[in-house]
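Here is the structure we will look at.
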Amino acid sequence: EDGSMNFAPDKRWGFFPAGSVGWVASEEKFFNKSLIQFLKFRGSVGLTGNDAVGGWQWQESYQAGSSAYFGTSPSQSVGLGYGSVVNPNLTWEKALSYNAGVDMNFLKNWNISLDYWYRNSYDILRNRQTTLPSTFSLSMPAENYAKVKAQGFDLQLGYRKDQPDFSYHANLTMSYGWNKVITQDYAQNAQWIDIPVGKTLSTIKGWEFDRILRTQADVDAFVAANPNYKHNGLSPALGMMVYKDLSGPNGKPDGNIDDWDRVMLKPNNYPIVYGLNLGGSWKGFHLDMMLSGRLGEKKWMNDLAGGVEWNRMWDQWYSDSWTPENPNATLPKRVSANNSNTYQTNSSYWLKNGSFMRMKYLTLSYDLPKGKFYSKVFDNVRVFATGTNLFVISPFNKYYDPEIGGGNAFPVLRSYNFGIDVKF
Numbered sequence: 390e391d392g393s394m395n396f397a398p399d400k401r402w403g404f405f406p407a408g409s410v411g412w413v414a415s416e417e418k419f420f421n422k423s424l425i426q427f428l429k430f431r432g433s434v435g436l437t438g439n440d441a442v443g444g445w446q447w448q449e450s451y452q453a454g455s456s457a458y459f460g461t462s463p464s465q466s467v468g469l470g471y472g473s474v475v476n477p478n479l480t481w482e483k484a485l486s487y488n489a490g491v492d493m494n495f496l497k498n499w500n501i502s503l504d505y506w507y508r509n510s511y512d513i514l515r516n517r518q519t520t521l522p523s524t525f526s527l528s529m530p531a532e533n534y535a536k537v538k539a540q541g542f543d544l545q546l547g548y549r550k551d552q553p554d555f556s557y558h559a560n561l562t563m564s565y566g567w568n569k570v571i572t573q574d575y576a577q578n579a580q581w582i583d584i585p586v587g588k589t590l591s592t593i594k595g596w597e598f599d600r601i602l603r604t605q606a607d608v609d610a611f612v613a614a615n616p617n618y619k620h621n622g623l624s625p626a627l628g629m630m631v632y633k634d635l636s637g638p639n640g641k642p643d644g645n646i647d648d649w650d651r652v653m654l655k656p657n658n659y660p661i662v663y664g665l666n667l668g669g670s671w672k673g674f675h676l677d678m679m680l681s682g683r684l685g686e687k688k689w690m691n692d693l694a695g696g697v698e699w700n701r702m703w704d705q706w707y708s709d710s711w712t713p714e715n716p717n718a719t720l721p722k723r724v725s726a727n728n729s730n731t732y733q734t735n736s737s738y739w740l741k742n743g744s745f746m747r748m749k750y751l752t753l754s755y756d757l758p759k760g761k762f763y764s765k766v767f768d769n770v771r772v773f774a775t776g777t778n779l780f781v782i783s784p785f786n787k788y789y790d791p792e793i794g795g796g797n798a799f800p801v802l803r804s805y806n807f808g809i810d811v812k813f
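Numbering-wise, my numbering comes out as the position in the sequence shown, counting from 1, plus 389.
Here's what the structure looks like:
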């Protein structure tokens with residue numbers, strides 16, 4: 390049981406039980422250990438609570454203002470008014486989690502752990518502001534009503550070989566999870582693409598990129614096929630980026646590129662997260678390295694899409710954007726942020742493969758032979774060299790590091806260390 394001052398006295402306490410069971414099948418008399426040396430099945434279930442919602446949201450308050458008038462003088466006086474609308478029933482967010490797993494050592498040198506987990510999150514705090522009419526002047530408080538269900542797999546696979554003069558090991562970890570919104574508020578006039586229920590929390594929505602109009606013949610042909618085409622108030626022109634006109638308020642293409650033309654560019658953007666540890670030893674030399682990354686993830690790079698000329702950081706705009714002399718450029722015609730353009734849009738053009746593999750660290754060390762380089766005063770002397778974040782392999786790396794938030798964000802730092810480790 391746990392309590393939190395973030396909730397009203399009668400909503401303060403929560404009971405969050407948990408339990409687990411396990412069975413080591415390899416210890417049973419009937420088990421044959423010739424191929425599998427260790428086998429364990431396990432399961433657990435537990436309820437957890439979250440109180441990280443900010444304090445005193447449940448308590449009514451007053452706020453000072455200067456809009457009160459007293460007497461016959463027209464001057465304003467300090468007065469008190471009601472504070473925000475509060476929810477006295479605010480309480481813990483809850484998550485009921487289940488886990489089933491198996492651990493196994495097999496073929497003498499291999500080991501594996503596989504887990505499946507399922508989490509039912511409910512009483513999630515959300516407000517219902519979107520269902521209120523725009524004439525309602527106050528902000529609604531959070532309510533415990535939203536529900537999200539999530540599930541996934543975790544895998545660990547390892548190998549180790551030990552010999553008198555040579556040993557090595559490898560360990561791979563991978564995890565993948567996904568979720569679905571069960572209950573969440575949304576506007577009654579919301580388009581289907583904006584309704585969160587039944588979708589994941591990681592959907593990517595945007596416009597379908599069509600082409601860049603490179604020649605006057607391209608412009609004429611496009612206008613002939615799309616006579617009413619408008620985007621951001623602009624008609625088709627040389628060097629412009631245009632999009633697919635898929636729908637309008639009536640469900641049919643209307644020539645106007647707006648919210649009705651959005652599509653689900655990626656319904657689920659949860660990646661496979663992995664790490665690979667490799668190492669070995671040979672005659673006093675030791676090698677240890679870690680590779681990590683993500684697979685199957687899409688990432689926006691449209692923070693490079695524009696800006697005013699003196700703040701446009703991506704040099705490709707000046708060497709590979711459309712001009713009459715360079716009609717086959719990768720980028721559209723460059724437009725200052727002070728003017729309207731059609732390329733600063735969340736379109737499929739700017740959505741790239743963000744999968745990557747990073748060399749997190751690499752350590753090479755050597756144990757100096759005892760007696761040749763040092764006396765019996767020391768038990769062991771090791772010299773080592775370590776490098777962190779040595780490189781990253783990714784198709785996204787042509788824009789910027791896939792692990793940072795944007796092209797102008799602080800980069801991931803690379804470091805080198807050299808030293809001596811002495812044991813007495």
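We treat Cβ as the ideally placed atom computed from N, Cα and C, and that holds for glycine.
Computed from a predicted structure; not experimentally measured.
{"Query": "Check whether residue 777 and residue 803 have beta carbons under 9 Å apart", "Result": "yes"}
{"Query": "The region 517–532 touching the region 473–486, judged by at least three CB pairs closer than 8 Å", "Result": "yes"}
{"Query": "Reduced DSSP secondary structure (H/G/I, E/B, other) of residue 734", "Result": "coil"}
{"Query": "Boundaries (first-last residue) of the alpha helix (DSSP H) holding residue 591", "Result": "Note, residue 591: premise wrong, no alpha helix (DSSP H); not H, not E."}
{"Query": "Closest residue to residue 514 among 438, 503 and 747 (Cα-Cα distance)", "Result": "438"}
{"Query": "Three-state secondary structure assigned by DSSP to residue 580", "Result": "coil"}
{"Query": "Residues that residue 514 bridges to, as DSSP identifies them", "Result": "533"}
{"Query": "Element boundaries [beta strand (DSSP E), containing residue 484]", "Result": "482–495"}
{"Query": "Rounded straight-line distance, which links the Cα of residue 769 to that of residue 547", "Result": "29 Å"}
{"Query": "Enclosing alpha helix (DSSP H) for residue 608 [first to last residue]", "Result": "605–614"}
{"Query": "Reference residue 767, options 810, 499 and 585, closest by Cα", "Result": "810"}
{"Query": "When 555, 540 and 693 are compared against residue 564, the one with the closest alpha-carbon", "Result": "540"}
{"Query": "Residue environment, residue 394, which counts as buried when at least 16 other CB atoms sit within 10 Å", "Result": "exposed"}
{"Query": "Contact under 9 Å by Cβ, residue 675 with residue 753", "Result": "yes"}
{"Query": "Extent of the continuous alpha helix (DSSP H) to which residue 426 belongs", "Result": "Careful: residue 426 lies outside any alpha helix (DSSP H), inside the beta strand (DSSP E) at 425–439."}
{"Query": "Cutoff 6 Å; reference residue 812; Cβ partners in own chain excluding five residues on either side", "Result": "768 and 769"}
{"Query": "Neighbourhood of residue 512 by C-beta, 6 Å cutoff - its chain only, sequence neighbours within 5 removed", "Result": "482, 483 and 533"}
{"Query": "Cβ-based neighbour list, residue 431, same chain, cut-off 6 Å, excluding 5 preceding and 5 following", "Result": "411 and 490"}
{"Query": "Secondary structure of residue 756, DSSP reduced to three states", "Result": "strand"}
{"Query": "Spatial neighbours of residue 500 in its chain, beta-carbon cut-off 6 Å, leaving aside the 5 residues before and after", "Result": "494 and 547"}
{"Query": "contact_flag[the region 586–595, the region 718–732] where n(CB pairs < 8 Å) is 3 or more", "Result": "no"}
{"Query": "Rounded Cβ spacing between residue 429 and residue 492 (contact assumed at less than 8 Å)", "Result": "4 Å"}
{"Query": "Whether residue 655 touches residue 633 by CB criterion (9 Å)", "Result": "no"}
{"Query": "Cross-strand partners of residue 861 (DSSP beta bridge)", "Result": "Outside the shown range of the chain, which is 390 to 813, sits residue 861, and nothing can be said about it."}
{"Query": "Nearest-angstrom Cα separation, counted from residue 705 out to residue 653", "Result": "28 Å"}
{"Query": "Cβ distance (whole Å) where residue 651 is taken to contact residue 739 below 8 Å", "Result": "Rounded, the Cβ-Cβ distance is 14 Å, inconsistent with contact."}
{"Query": "Inside the region 657–709 only - alpha helix (DSSP H) runs reaching at least 4 residues", "Result": "705–708"}
{"Query": "Nearest residue (CA-CA) to residue 578, options 671, 703 and 638", "Result": "638"}
{"Query": "Environment of residue 602 [buried if 16+ CB atoms lie within 10 Å]", "Result": "buried"}
{"Query": "Rounded C-alpha distance that separates residue 486 from residue 552", "Result": "42 Å"}
{"Query": "Residue 502 (DSSP reduced to helix, strand or coil)", "Result": "strand"}
{"Query": "Bridge-paired residues (DSSP) for residue 454", "Result": "468"}
{"Query": "Close Cβ partners of residue 600 (< 7 Å) along its chain, the five nearest in sequence each way excluded", "Result": "631"}
{"Query": "First and last residue of the uninterrupted beta strand (DSSP E) at residue 461", "Result": "It is not in any beta strand (DSSP E) - residue 461 carries neither H nor E in the DSSP assignment."}
{"Query": "Sequence-distant residues of its chain with Cβ nearer than 6 Å to residue 742 (five each side left out)", "Result": "784"}
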